[in-house]
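What follows is a single structure, written as structure tokens, with notes after it.
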Amino acid sequence: MRLYVFILIIVVSSNLFSQENLVYEKNFSAYQGYFTEKFGIICTIPKAFEDLNQYYVMWKVRNEPSKHTGSMYGPIFLSTGKECIIAYPALLSYFSVESKDNIKRMKLPFYPRSQILNEIRTSLGLFNSPFNLLNKDAVRINFDDYVTIIAGKHARDMFNADSVYLYDLPHADSVYFFDESLEKMRKGKYPYCSGMFIYKRNRATMNVKFFYTEEGKKKQDEYIRLMSKHIWYDERFKHK
């Protein structure tokens, strides 16, 4: 059984991503080659965006010690008008059919739905980490109130995917990049954050983040459309 695990909770030792341990080098060509070879996902840089040369950047939904929901991103791109930052995932999740059966048997929440809910609940101050006694599990939120799902032909035309999950994070000004230069650029200038999960059955799931200025937020739909075909699932690829 082979399992690529997506990072839901940030627990990374200081030397985990030292240069000799990197799964790919810190440049877009290496990233692109790794994702194509290992996951059959072809990634290109969105039109009118520049590569900030940031890789393996840790990110949290809220900058509070008790709240650990987040992930790792990079490459990260900035629009030429500086109204939008787009972050591609540094690592991917792939659950084999056998792994999915085990997850269902243990009645565990399934990704990406569970990750989206964790991000939203963390943003609302309802979730800290799994099994944390401070979690406000009694407070229920309606997934459909926060998430828009694109499926069918539209998802296939955009990414050759089965479905696309789109959502805005509440209180997005509280998100946090661990990289000092990125956080300095984002803080106070990009108060909006939205997520996009791209899902295809029996394939790795892409998790993309968007950060917007006030003006960029008004063009949110335009930036999402701009992503079309810049992430693409190769139909011929099969996980080993």
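Take the sequence shown: its position 49, counted from the start at 1, is 51 in this note's numbering, and no numbers get skipped. We put the beta carbon where it would ideally sit given N, CA and C, even for glycine. Keep in mind that this is a model prediction, so the values were computed, not measured.
Give the single residue among the options whose Cα lies nearest to the Cα of residue i.
i, options, result
"SER165", "SER176, ASP159, THR215 and ALA153", "ALA153"
"LEU119", "THR150, TYR178 and GLU182", "THR150"
"ARG205", "PHE30, PHE37, ASN23 and ALA32", "PHE37"
"ILE233", "ALA32, PHE161, VAL63 and LYS28", "PHE161"
"GLU27", "LYS211, ASP159, PHE145 and TYR58", "TYR58"
"LYS62", "ASP175, GLU224, LYS231 and LYS155", "ASP175"
"PHE213", "SER81, ASP146 and ARG238", "SER81"
"LEU227", "ASP181, PHE179 and LEU168", "Reading off the sequence shown, one finds Arg at residue 227, where the question assumed Leu. Ranking the options by Cα distance to ARG227, first place goes to LEU168."
"THR71", "LEU54, GLU52, PHE179 and LYS186", "PHE179"
"ASN29", "ASP223, GLU39 and ASP53", "ASP53"
"SER31", "GLY76, TYR225 and PHE145", "GLY76"
"ALA50", "GLU237, LYS242 and GLU224", "GLU224"
"LEU184", "MET60, LEU24 and GLY127", "MET60"
"LYS221", "VAL25, GLU66 and GLY83", "GLY83"
"HIS173", "TYR33, HIS241 and ARG123", "ARG123"
"GLU66", "TYR33, LEU128, GLU237 and ALA157", "LEU128"
"HIS241", "LYS40, VAL25 and PHE145", "LYS40"
Please classify residue i as buried or exposed, where buried requires at least 16 other C-beta atoms within 10 Å of its C-beta.
i, result
"ASN209", "buried"
"SER73", "buried"
"ILE143", "exposed"
"VAL177", "buried"
"ASP147", "exposed"
Given a cut-off of 8 Å, decide if residue j and residue i are closer than it, judged by their beta-carbon atoms.
i, j, result
"TYR235", "GLY35", "no"
"SER1", "ARG64", "Not covered by the structure: residue 1. The range shown for the chain is 3 to 242."
"CYS45", "TYR90", "yes"
"ALA163", "LYS202", "yes"
"LEU94", "THR207", "yes"
"ASP170", "SER196", "yes"
"LYS191", "THR215", "yes"
"PHE199", "PRO114", "yes"
"PRO48", "MET187", "no"
On the three-state DSSP scale, how would you describe residue i?
i, result
"LYS109", "Confidence at LYS109 is low in this model, with a pLDDT of 41, below 50, so the placement of that residue is unreliable and no value is reported for it."
"MET160", "helix"
"LYS186", "helix"
"GLU52", "strand"
"ASN23", "helix"
"THR207", "strand"
"ALA153", "strand"
"LYS240", "coil"
"THR38", "helix"
"GLY76", "strand"
"GLY197", "strand"
"GLN180", "Per the sequence shown, residue 180 should be read as Phe rather than Gln. DSSP places PHE180 in coil when its eight states are reduced to three."
"ILE230", "Just to set this straight, residue 230 is Ser in the shown sequence, not Ile. SER230: coil per DSSP, three-state reduction."
"LYS28", "coil"
"TYR192", "coil"
If contacts are defined as beta-carbon pairs under 8 Å, then residue i and residue j qualify, I think. What distance do you get, rounded to the angstrom?
i, j, result
"GLU121", "GLU217", "With a Cβ gap of about 24 Å, GLU121 and GLU217 do not count as contacting."
"ILE78", "GLN56", "4 Å"
"LYS219", "TYR194", "5 Å"
Less than 7 Å between the CB of residue i and some heavy atom of the ligand GDP, yes or no?
i, result
"GLY154", "Looking at this structure, you won't find the ligand GDP or any other ligand, since it has none at all."
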